[in-house]
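Accompanying notes for the structure given below.
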Amino acid sequence: MADSSSFSFTALYTGETWQASGLSLPELRTPAGDVMYRLLGPAEWAGKAIFGTNLRQMLVERHALIDRLTIGHLQDWPHAQILEIACGLSARGCRFSRQFPELRYVEADLPAMARNKARALTQVSGRSPRHEVVPIDILAPSGPLSLESVLTGCFDRTRPIIVITEGLMNYFPRPVATHVWRRLAEALRGFPQAAYIMETYPAPKPRLLRAAAGLGAAALRLISRSHAGIHFRTADQAARHLAGAGFEAVDIAWPTDDALLCVLDCRTGGARVSG
Ligand SMILES: C[S@@+](CC[C@H](N)C(=O)[O-])C[C@H]1O[C@@H](n2cnc3c(N)ncnc32)[C@H](O)[C@@H]1O
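Numbering (the working numbering), first residue to last: 107 to 381.
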C-alpha cells in the first residue's frame, strides 16, 4: 500500500497558524509546530511584504471559508453528519460540536496522526459524545482503513453527510487524487444528500506570484517527499474535473478576489444547487 505519511508533519505548522489566529484550542498546541512557526516567521514576513499575502494568510482564509461553506450545508441539512479527512490538528470538530450539540462529527487521519489527535482531544473538557477520531488511509483500496469502510462503519446512511478534505489532495499526483475523488463520489451516492468540500490552487495570474508559487511547491515537494503541486490551471477546470469524477454539482468559492486558492463545494444526491 502507498505510504503518504511523509507529509503528516506539515499539519503541525498549520496547527500553530490556527493557534495564532484564534481558530484552535490550547490543547492542540504542539512544541514542534511552535518551533516551525517561529523559524518561518521571516519568510512569511517577506512574502507578505513582496506579494501582499503569505502562507499563513492563505491557511487561515482556507480554514475560515471551509467553515463557512460547511455551516451553510448544516443550515440546509440540520441532521447532516461530518467526516473531516486528514484532520491533522484542526479544531473544527471541537468548535462545530460546541456550536451544534447534536452533530455527529468524525475526524479521520492516518493511524499515527489519528492516535495523537485522539490523545490530545482527551484533554479537551466537555467534548460531545458524538465527536470522535478514527484512523483512515484514503489510498487503501480496501480493508478497515479504506474510505468506504469508514463511511459504512461510522455513519448513518439515511442522513445527509458532509465530507471535508483540507490540505490533503494536492500532495498527491492528479491521477491518484482523481481515483480518490471517483471513489468518494461513488460512495457518497449511498447517502440521501452529500457534499464534499476541498480546496484547490489554480495557477496564479501575476507572473511573479506564479513563479513564487512554483518555487514554494517545489520546496514543499522536497521537504514533504510528496508530489505537492498545482493540479489545475483554473478554478473552472478544477470544477469540471470534479464533475467528471462523478459529482453532480460543483460550486467554486473564493476567500477573497486575489486569493491563492479556491474551495470547491461538490455535491451528489439531489443536493441543493446554488447559482
Ligand atoms: C498538510 S496536513 C493537513 C492537515 C489539516 N487538514 C490541515 O489543514 O492542517 C496533511 C494531513 O494529511 C494526512 N494524510 C496523509 N496521507 C493520508 C492518507 N493517505 N489518508 C488520510 N490522511 C492522510 C496527514 O497525516 C496530515 O494530517
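C-beta: ideal position from N, C-alpha, C; glycine also.
Is the closest heavy atom of ligand 1 to the C-beta of S252 under 7 Å? The residue you call residue 252 lines up with position 146 of the sequence shown. Because no heavy atom of ligand 1 lies under 7 Å away, the Cβ of S252 does not count as near it: no.
Residues whose Cβ lies closer than 6 Å to any heavy atom of ligand 1, in chain order: S110, F113, S114, T116, A117, T120, I191, A192, C193, G194, S196, D215, L216, M219, I242, D243, I244, L245, E272, G273 and L274
Can you tell which of G153, I242, P310 and I270 has the C-alpha that lies nearest to the C-alpha of D215? In the sequence shown, residue 215 corresponds to position 109, counting from 1. Checked all of G153, I242, P310 and I270; the closest Cα to D215 is I242.
For I336, which residues from the same chain have a beta carbon less than 6 Å from its beta carbon, with the 5 sequence-adjacent residues on both sides left out? In the sequence shown, counting from the first residue as 1, residue 336 sits at position 230. The answer, listed in chain order, is Y307 and A309.
Taking DSSP as the reference, what is the three-state secondary structure of Y119? By 1-based counting over the sequence shown, the position of residue 119 is 13. Y119 falls in the helix class under three-state DSSP.
Return the CA-CA distance between E133 and W360, expressed in angstroms with no decimal places. Along the sequence shown, one-based indexing puts residue 133 at 27. Along the sequence shown, one-based indexing puts residue 360 at 254. Their backbone Cα atoms lie some 30 Å apart in a straight line.
Between the region 342-352 and the region 135-143, do at least 3 Cβ pairs fall closer than 8 Å? no
Simplified DSSP assignment, three categories, for V379: Reading the sequence shown from its first residue, position 273 is the one you call residue 379. Confidence at V379 is low in this model, with a pLDDT of 40, below 50, so its placement is unreliable and the value that follows should be read with caution. The answer is coil: DSSP assigns V379 none of H, G, I, E or B.
Anyone know if the C-beta pair for L118 and L195 falls short of 8 Å? If you number the sequence shown from 1, residue 118 lands on position 12. If you number the sequence shown from 1, residue 195 lands on position 89. Result yes, Cβ atoms of L118 and L195 sit closer than 8 Å.
Measuring CB to CB, does A186 end up less than 8 Å from I267? In the sequence shown, residue 186 corresponds to position 80, counting from 1. In the sequence shown, residue 267 corresponds to position 161, counting from 1. Closer than 8 Å, so yes.
Work out the CA separation of C200 and R233 for me, nearest whole Å. Residue numbering aside, residue 233 sits at position 127 when the sequence shown is read from its first letter. Residue numbering aside, residue 200 sits at position 94 when the sequence shown is read from its first letter. So the alpha carbons of these two residues sit roughly 7 Å apart.
Range of the contiguous beta strand (DSSP E) that encloses V369: For the purposes of this step, residue 369 is taken as the residue at position 263 of the sequence shown. Per DSSP, V369 belongs to the beta strand (DSSP E) from C368 to T374.
Buried or exposed: which applies to W151, given that a residue is buried once 16 or more other Cβ atoms fall within 10 Å of its Cβ? Along the sequence shown, read from residue 1 onward, the residue named residue 151 stands at position 45. The residue in question, W151, is exposed, as its Cβ has fewer than 16 Cβ neighbours within 10 Å.
Report the three-state DSSP secondary structure of L189 (helix, strand or coil). Counted from its first residue, the sequence shown places residue 189 at position 83. If DSSP states are grouped into helix, strand and coil, L189 belongs with the strands.
Relative to the C-alpha of G259, which candidate in A293, Q205 and R327 has its C-alpha closest? Here the question's residue 259 lines up with position 153 in the sequence shown. It is A293.
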